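As structure tokens, the structure follows; a few thoughts come after it.
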């Protein structure tokens with residue numbers, strides 16, 4: 131990736147291996163790379179590392195849409211549009227999978243309404259933001275949303291099977307036994323002080 135970044139920023143590949151005043155070459159390790167790049171078809175072979183689904187991952191979907199619309203490559207336009215839409219849909223899915231709090235008083239109702247508004251607005255903001263950030267970042271967001279969604283489905287299935295009241299009773303019983311044990315230890319210490 132470092133080599134790709136350097137080569138994409140240098141206007142001429144010959145600048146990478148030009149000798150300094152002493153005659154020594156900087157970036158000599160890149161000399162073989164620049165020789166490959168200068169060969170016929172070398173640059174095209176090198177570009178495969180920066181593309182996924184035919185889209186440059188360092189380019190924004192908006193720029194891909196503009197350039198491919200002008201070139202008449204409407205398939206890439208549709209693909210570039212699908213990436214932000216998929217990001218939006220996966221985020222909405224994650225919000226739907228999260229358990230929602232139930233409210234019993236007025237203040238909680240106000241917080242629930244505020245949370246509902248935020249849950250609607252955040253994916254929309256993300257949708258518009260996805261048009262201006264690199265495609266690679268948006269694909270990362272989509273993949274992480276899918277993993278989070280899968281985890282939430284597993285957690286939801288687990289909590290559907292357990293009885294929370296039973297777990298609370300067991301924990302209260304454990305706490306009571308710990309308290310009794312602590313009281314017995316304190317009584318023994320008190321009795322040893324009296325002797």
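In our numbering, the protein residues as written are 131 to 325. Note that beta-carbon positions come from the ideal geometry of N, C-alpha and C, so glycine has one too. Just so it is clear, the structure is predicted and the values come from calculations on it, not from any experiment.
**Reference residue 196, options 245, 261 and 314, closest by Cα** = Taking the first residue of the chain shown as position 1, residue 196 is located at position 66. Of the candidates 245, 261 and 314, the one whose C-alpha sits nearest the C-alpha of residue 196 is 261.
**Asked** Based on the DSSP secondary-structure assignment, which residues constitute the bridge partners of residue 185?
**Response** In the chain shown, the residue the question calls residue 185 occupies position 55. 182.
**Request:** Reducing DSSP to helix, strand and coil, say where residue 302 ends up.
**Result:** Within the chain shown, the letter at position 172 stands for residue 302. Here residue 302 sits in helix by DSSP.
**Prompt:** If you drop the 5 nearest sequence neighbours on each side, which residues of the same chain put their C-beta closer than 6 angstroms to that of residue 275?
**Reply:** Position 145 of the chain shown, counted from the start, is the residue given in the question as residue 275. Hits under 6 angstroms: 220, 221 and 224.
**Prompt:** When you compare each of 200, 190, 230 and 229 to residue 213 by their alpha carbons, which one comes out closest?
**Reply:** The count along the chain shown starts at 1 and reaches residue 213 at position 83. Of 200, 190, 230 and 229, the residue nearest in Cα terms is 190.
**Item:** Extent of the continuous alpha helix (DSSP H) to which residue 195 belongs
**Value:** The residue you call residue 195 lines up with position 65 of the chain shown. It spans 191 to 201 - the alpha helix (DSSP H) in which residue 195 sits, taken as one unbroken run.
**Asked** Considering residue 284, what are the terminal residues of the alpha helix (DSSP H) in which it resides?
**Response** Stepping through the chain shown from its first residue, residue 284 is reached at position 154. Where residue 284 is concerned, the enclosing alpha helix (DSSP H) stretches over 265 to 291.
**Asked** What do you reckon, is the C-beta of residue 184 under 6 angstroms from a heavy atom of the ligand NAD?
**Response** The ligand NAD is not part of this structure, which contains no ligands at all.
**Item:** Distance, residue 202 Cα to residue 211 Cα
**Value:** Position 81 of the chain shown, counting from 1, holds the residue named residue 211. Position 72 of the chain shown, counting from 1, holds the residue named residue 202. So the alpha carbons of these two residues sit roughly 15 angstroms apart.
**Prompt:** Are the stretch 300 to 316 and the stretch 240 to 247 touching by the rule of at least three beta carbon pairs closer than 8 angstroms?
**Reply:** no
**Item:** residue 253 (DSSP reduced to helix, strand or coil)
**Value:** Locating residue 253 in the chain shown gives position 123, where the first residue counts as 1. Of the three classes helix, strand and coil, the one that applies to residue 253 here is helix, per DSSP.
**Request:** Return the CA-CA distance between residue 306 and residue 312, expressed in angstroms with no decimal places.
**Result:** Translated into the one-based positions of the chain shown, residue 306 becomes position 176. Translated into the one-based positions of the chain shown, residue 312 becomes position 182. Roughly 10 angstroms between the two C-alpha positions.
**Message:** According to DSSP, simplified to helix, strand and coil, what is residue 206?
**Reply:** The count along the chain shown starts at 1 and reaches residue 206 at position 76. Note: residue 206 maps to helix in three-state DSSP.
**Request:** Taking only the alpha-carbon atoms, compute the straight-line gap between residue 309 and residue 319 and give it to the nearest angstrom.
**Result:** By 1-based counting over the chain shown, the position of residue 309 is 179. By 1-based counting over the chain shown, the position of residue 319 is 189. Going from the Cα of residue 309 to the Cα of residue 319 covers about 15 angstroms.
**Prompt:** Roughly how many whole angstroms lie between the Cα atoms of residue 241 and residue 200?
**Reply:** Position 111 of the chain shown, counted from the start, is the residue given in the question as residue 241. Position 70 of the chain shown, counted from the start, is the residue given in the question as residue 200. So the alpha carbons of these two residues sit roughly 47 angstroms apart.
**Item:** With 16 other Cβ atoms within 10 Å as the buried cut-off, status of residue 198
**Value:** Mapped onto the chain shown, residue 198 falls at position 68. Buried, because 16 or more other Cβ atoms sit within 10 Å of the Cβ of residue 198.
**residue 228 (DSSP reduced to helix, strand or coil)** = What you label residue 228 is simply residue 98 of the chain shown in a count that begins at 1. It is coil, neither helix nor strand.
**Message:** As a quick exercise: from 193, 258, 290 and 218, pick the residue whose alpha carbon is nearest that of residue 273.
**Reply:** To locate residue 273, count along the chain shown from 1; it is residue 143. The option with the nearest alpha carbon to residue 273 is 218.
**Asked** What is the rounded straight-line gap between the Cα of residue 271 and the Cα of residue 188?
**Response** For this step, residue 271 is matched to residue 141 along the chain shown. For this step, residue 188 is matched to residue 58 along the chain shown. The straight-line gap from Cα to Cα measures roughly 15 angstroms.
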